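Numbering (our numbering), first residue to last: 446 to 717.
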């Protein structure tokens with residue numbers, strides 16, 4: 446855990462025995478869930494207290510290969526994606542609430558997911574390696590599939606809701622990003638200016654911008670309404686693994702394979 450203002454390391458959380466595939470804060474910022482990439486581990490998912498660094502709970506999910514996770518808005522449940530399905534898990538009692546299945550291809554992995562701001566819907570992306578790599582929406586309360594929004598040519602490894610829940614953004618291994626209307630599932634924009642696979646897609650806190658990162662060493666900012674590229678942030682020497690806005694929307698944090706975390710001014714696109 447790092448202090449954004451000073452760049453100092455605040456705390457290291459220790460307890461996993463292998464590489465991690467996902468680390469996510471609860472919406473209130475008080476806890477963190479971390480997911481191991483090794484599906485043979487007997488302790489694949491851990492929940493941590495941010496203030497103390499203490500491990501609060503280990504979830505024993507019988508999911509097979511794990512990959513991605515997301516907290517509900519109230520922080521009480523966590524959705525875990527794996528091979529062929531998603532499971533909604535009670536983070537307080539360590540019990541399964543329900544399982545969501547229904548991917549178009551029996552061999553598809555759930556490669557990305559996001560819970561809507563009101564907690565009522567889940568959007569997921571799949572990875573088959575073909576035009577069957579779909580973006581789907583689910584009812585979080587019943588587990589029913591609501592609709593298929595569309596597809597990407599290659600794996601959909603990043604999906605997210607806008608803060609108001611009105612739009613969805615998805616990014617693929619083909620290097621393209623799509624913006625969808627959440628209510629109808631209609632494709633609004635397709636953004637193509639990255640030259641390699643997309644590694645993250647995130648909305649700004651006010652929902653007017655999207656920040657994306659890619660293996661082409663760049664971070665890009667986009668206008669949601671027009672689909673226009675606003676700016677490109679250059680400075681990493683290797684592929685950028687992720688980027689997001691700070692909660693006040695004034696800065697962007699990026700992390701790359703060069704081992705560096707960078708902080709950018711979201712308005713000027715200059716490195717702080």
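For every residue, glycine included, the Cβ atom is placed at its ideal position computed from N, Cα and C. In this text, all values refer to a predicted model and were calculated from it rather than measured experimentally.
Proximity to residue 638 [Cα-Cα], best of 652, 665, 644 and 573: 665
Within 8 Å of any Cβ in chain C, is that where the Cβ of residue 625 sits? Going by chain labels, chain C is absent from the structure shown, which holds only one protein chain.
Straight-line gap, residue 498 to residue 609 (C-alpha atoms, nearest Å): 31 Å
Do the CB positions of residue 656 and residue 647 come within less than 8 Å of each other? yes
Just the C-alpha distance for residue 650 and residue 595, rounded to the nearest angstrom, thanks. 25 Å
Scan the segment 590 to 623 and note each continuous beta strand (DSSP E) run of 3 residues or more that stays entirely inside, going in chain order. 590 to 597, 601 to 606 and 612 to 617
Whole angstroms is fine: what's the gap from residue 674's alpha carbon to residue 593's? 27 Å
In this structure, how does DSSP classify residue 563 when only helix, strand and coil are distinguished? coil
Backbone CA spacing between residue 704 and residue 482 [nearest angstrom]: 20 Å
Between which two residues does the beta strand (DSSP E) containing residue 666 stretch? 663 to 668
I need the straight-line Cα distance from residue 613 to residue 521, nearest angstrom please. 23 Å
Coarse secondary structure for residue 655, derived from DSSP in three states: strand
Measuring straight from C-alpha to C-alpha, what distance separates residue 702 and residue 683? 5 Å
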